[in-house]
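Engineer:
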Amino acid sequence: MMDKAKINETLRRNVAELSKQTEKEVSMMPATVAPLPSVEMVKRIVALVKNIIFPDYFEKRQPDEAIRAYHIGVAMEELAKLLTKQIAHGLQFCEHCEGERTKDQVYGEAEQKALSFIDALPEIKRLLYTDVQAMFDNDPAAPNYGEVIFCYPSMNTMTHYRVAHKLHQLEVPVIPRIITELAHSKTGIDIHPGAQIGEYFAIDHGTGVVIGETTIIGNHVTLYQGVTLGAKSFKYDENGNMLNVPRHPIIEDNVTVYSNASILGRITIGHDSTIGGNIWLTHSVPPNSRILQSKAIDAGFEAGAGI
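Counting in the numbering used here, the sequence shown tops out at residue 309, every number present.
Next comes the structure, spelled out in structure tokens:
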């Protein structure tokens, strides 16, 4: 039988120890005491966007346009409320906001950003349907569009990314990164919300793809699994603080990058180029380039090979 007194003493001792906050812990928290963003509510926000953009896939199918409009309206109303609240909670992480603001001021700013995001939903929808088309066109194993929308990790990731990128453009703190990391943890595809990605973007298979914050990707670009669009080095100010400057590649239109290629630094991959698998690339290449590994050399010896 367990010793109840010992259990209680152990619990009390560790509760007391864990309740203390060090100076370092306090410095990591926002200065205000407002509630922090909720990851579960952010998940719900993304789910609502999926219901709005792909209404026949993630909600009960509504062939009647009026009924579909009603359901989209209900989802959008919930989205506006949830997004306003979560943005307000996220604004306490705002690094460029000056002075103390009242709760009404914070919620007013959050509401403006939420409505600006909702105004962007038609464009987000347009972009996502170009991504569906690109994925379908680039994968002979895709029998129909529905399978791409339902099943492909790239579509799940791109839905998260396009939502997060718009919120990032609206200077919403924290929430965009929560959204892209939800996709990262589920699919293994890591896209920073600050990256700029054009239309008709496809990631085949997807696992292990990394796209850094200052990456710029044009239209009709396809990446395969394991591709890294990363930084080669970092710059620092006179105090040793890392500078957030452009440090990731620019990928122009109609480029294909095959599996496990690493393209590093602020270099440009010219349009209509092909980058082969397992390539390490740290210099720009002109349009219409074809960068492949050197052919393997057979170094086997038979009958002494004259040695």
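Glycine included, every Cβ here is placed at the ideal spot set by N, Cα and C. All values derive from a computational prediction rather than experimental measurement.
1. Nearest by alpha-carbon distance to residue 121: which of 138, 108 and 168 is it?
2. For residue 291, would you say it is in contact with chain D, using Cβ-to-Cβ distances shorter than 8 angstroms as the test?
3. From residue 222 to residue 259, what does the alpha carbon distance come to, in whole angstroms?
4. Residue 32: which of 19, 83, 42 and 96 sits nearest, CA to CA?
5. In the DSSP assignment, what residue or residues form a beta bridge with residue 198?
6. Here's a check: name, in chain order, each residue in its chain whose Cβ is nearer than 7 angstroms to the Cβ of residue 147, leaving out the five neighbours to either side.
7. From which residue to which residue does the alpha helix (DSSP H) around residue 131 run?
8. Is it a yes or a no for the segment 72-80 touching the segment 43-57, going by three-plus beta-carbon pairs under 8 angstroms?
9. Quick check: residue 44 and residue 181, are their CB atoms within less than 8 angstroms of each other?
10. Going by other Cβ atoms of all chains shown within 10 Å of its Cβ, with 16 needed for buried, is residue 214 buried or exposed?
11. Determine, using beta carbons only, whether residue 290 and residue 279 come nearer to each other than 8 angstroms.
12. Between the segment 200-209 and the segment 142-158, can you find at least three pairs of beta-carbon atoms closer than 8 angstroms?
13. Can you list, in chain order, the residues of its chain with a C-beta nearer than 7 angstroms to that of residue 130? Leave out the 5 residues immediately preceding and following it.
14. Using a 10 Å radius around the Cβ and a threshold of 16 neighbouring Cβ atoms, would you call residue 202 buried or exposed?
15. Do residue 269 and residue 277 have their C-beta atoms closer together than 8 angstroms?
16. Let me check understanding here. Comparing Cα to Cα, which of 127, 87 and 236 lies closest to residue 244?
17. Please identify the residue among 242, 227, 226 and 287 whose C-alpha is closest to the C-alpha of residue 252.
18. Taking the alpha-carbon positions, what's the residue 64 to residue 70 distance?
19. Short of 7 angstroms in beta carbon distance, which residues of its chain neighbour residue 113, apart from the five on each side in sequence? Order them along the chain.
20. Between the alpha carbons of residue 246 and residue 127, how many angstroms are there, rounded?
21. For residue 178, which residues from the same chain have a beta carbon less than 6 angstroms from its beta carbon, with the 5 sequence-adjacent residues on both sides left out?
22. Return the residue from the list 46, 217, 41 and 265 that minimises the CA-CA distance to residue 91.
Structural biologist: Put simply:
1. 168
2. Of the protein chains in this structure there is only one, and it is not chain D.
3. 12 angstroms
4. 96
5. 218
6. 134 and 138
7. 105-140
8. yes
9. yes
10. buried
11. no
12. yes
13. 55, 160, 161 and 164
14. buried
15. no
16. 236
17. 287
18. 5 angstroms
19. 86
20. 30 angstroms
21. 166, 169, 170 and 195
22. 41
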